[in-house]
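Residue numbers (our numbering), protein chains in the order written: chain A, 109 to 350; chain B, 109 to 350. Think of the CB as a built atom: it goes at the ideal place given N, C-alpha and C, for glycine as much as any other residue. This one's a predicted model, so the numbers in the text were calculated from it and none came from an experiment.
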DNA sequence: GTAGCACCTATAGCACTGTTATATGAACCA
DNA sequence: TGGTTCATATAACAGTGCTATAGGTGCTAC
């Protein structure tokens, strides 16, 4: 058996590579840095992983199984649509938690490296969608739905990763999520909003808004503000300018 | 002046780099390959571009302006929603035409390298969406709509690039496109498009009015009144719930 | 002219990268 | 004991991005 007090060189290499890859902000990490951090010399790296890329693939595979475990860990709530939301959010969260890993997994697409990774994410999402289909909630095939959802999910996550953490607006995620889900599945409640024939004129828009405000008062304005607002709206609506 | 029979070394470097980058399937391209192909020695590369990355940035910038030119070249049909479809498709097509360039432009995100690129694509899309808003077709602000659309557009394009050209299913693009568009805009052709979570048409009308007011300022309100009015309008336009 | 001056390019080399041929040590089985 | 196999180390290779230095080139000023 091996010593238990210290992990084997192979594990140390994996750990060191993952750590350096996560710290070093996207810039390349050299094999020498890795082997040095793992207190190992070059040949052991090539003995175990064959290649620098082999080592990195192993790191990615590890992170990916972590991702899949997290996905599988999400409980099936019995409400398929709600499950879809959870999986979407979990995907985004994983990307934000491991940005560099995520970029390699989903952003750095070399056409032949990808399948084993993304394909299985796609397959898993397809399972979830199959349950939705079984509940008669899907309007397209689970396969198509999975591809579309995953594509949008990746796009959103990449965009969120790219912008500074402080300025991140998760509303983008929620909004796009609902967009894709509602196109792929039927939500129980339909809301047909009849909209007046859209014309670009200020007056028409003002009239439409005025009419809309009669039935539903927004809570973003206080009552006194709303009163003045409506008065101005009335004035704008009164005469044609544009 | 310079000889006209042959392009200057700087141009030759750009061309050689672009060509090699496009051929060599995503694998790294060395400066020596580039300088040799351009029949130039190393220092001229560093004189003109300072850096290998500087050269690659120049290549990307060139491709990017080509992309933006193509986007700008699309005519405004007068039907804003149809324009959105065209821009989406044009984006995807550009990605499929220049896959390696596209991966660098939108996939290979180094948080600080990105803004100048994606941000301007986002800004342009926002312009198009502003026109849709002016036609009272948007249910969210042009900015939010642009981000969501672009994110989904990128995700779809990356996914299409990643899979073998033969098996590419463009239905994925069309499907996701319609999903995002229908979540962001209302189709006026009497289509019972369901909006998410019962967004009241107040928001639609407010956004439309806001957009209309950008181009024509009514004389019924004083400038100070208008300022406050627009502020309130902005508040109404931003959705409250999730 | 020719001296000066920017600009552009080339020679030769550095430090570093990924990688490997070879050799050494350790563990197991005979 | 000796042999076989696995795991690690020494030392070096070719190739990489990059640059200190120097040599042209064309231009303007005198």
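By the CB criterion at 8 Å, residue 261 (chain A) and residue 263 (chain B) fall inside the cutoff. When DSSP states are grouped into helix, strand and coil, residue 282 (chain B) belongs to the helix group. About 15 Å separates the Cβ atoms of residue 139 (chain B) and residue 123 (chain B), ruling out a contact at the 8 Å cut-off.
Between residue 238 (chain B) and residue 284 (chain A) a beta carbon distance of about 19 Å is seen, past the 8 Å cut, so the two are scored as non-contacting. Close to residue 248 (chain A), with beta-carbon spacing below 9 Å, are these residues of chain B in chain order: 283. With a threshold of 8 Å between beta carbons, residue 337 (chain B) makes contact with chain A.
By the Cβ-count criterion, residue 149 (chain A) is exposed, with fewer than 16 other Cβ atoms from all chains shown falling within 10 Å of its own Cβ. Bridge pairing for residue 293 (chain B): B:246 [DSSP]. Minimum Cα-Cα distance from residue 271 (chain B) among the listed residues A:225, A:245, A:281 corresponds to A:225. Look at residue 261 (chain B) here: in three-state DSSP terms it is helix.
Every unbroken stretch of the alpha helix (DSSP H) spanning 4 or more residues and falling wholly within the segment 127–212 of chain A is given here in chain order: 139–145, 150–157, 160–181, 188–205, 207–210. Cα atoms of residue 184 (chain B) and residue 241 (chain B): separation of roughly 14 Å, rounded to the nearest angstrom. Chain B has a Cβ within less than 8 Å of the Cβ of residue 215 (chain A). Closest in alpha carbon position to residue 200 (chain A), among A:209, A:281, A:286, A:192, is A:281. In the structure shown, the three-state DSSP call for residue 116 (chain A) is coil. Contact check for residue 329 (chain B) against residue 340 (chain A) passes: the beta carbons are separated by less than 8 Å.
Within a 10 Å sphere around the beta-carbon of residue 155 (chain A) sit fewer than 16 other beta-carbons, which makes this residue exposed.
Burial state of residue 290 (chain A) is buried, judged by a 10 Å Cβ sphere holding 16 or more other Cβ atoms. In this structure, residue 179 (chain B) lies near residue 232 (chain B), with their beta-carbon atoms less than 8 Å apart. Counting the other Cβ atoms within 10 Å of the Cβ of residue 186 (chain A) gives fewer than 16, which makes it exposed. Rounded to the nearest angstrom, the gap between the Cα atoms of residue 338 (chain A) and residue 245 (chain A) is 42 Å. Looking from the CA of residue 125 (chain B), the closest CA among B:115, B:133, B:143 belongs to B:143. At least one CB of chain B lies nearer than 8 Å to the CB of residue 263 (chain A). At a Cβ-Cβ threshold of 8 Å, residue 287 (chain A) and residue 249 (chain B) do not count as neighbours. Residue 317 (chain B) carries a helical assignment under DSSP once its states are collapsed to helix, strand and coil. Remark: C-beta atoms of residue 166 (chain B) and residue 172 (chain B) do not approach each other more closely than 8 Å.
In terms of CA proximity to residue 344 (chain A), B:333 leads the group B:234, B:333, B:145. Within the same chain, Cβ atoms closer than 8 Å to the Cβ of residue 267 (chain A) are found at 280, the five residues on either side in sequence being excluded. When the Cα atoms are used, residue 206 (chain A) and residue 147 (chain B) turn out to be separated by approximately 43 Å. Distance from residue 176 (chain B) to residue 228 (chain B) at the Cβ level is roughly 7 Å; contact confirmed, criterion being Cβ atoms closer than 8 Å. The alpha-carbon separation between residue 215 (chain A) and residue 168 (chain A) amounts to approximately 12 Å. Distances from the CA of residue 128 (chain A) to each of A:252, A:209, A:202 were compared; the closest alpha carbon is that of A:209.
Along the segment 178–191 of chain A, there is no position whose C-beta sits under 7 Å from a C-beta of chain B.
Within chain B, 328, 329 have C-beta atoms less than 7 Å from the C-beta of residue 343 (chain A), given in sequence order.
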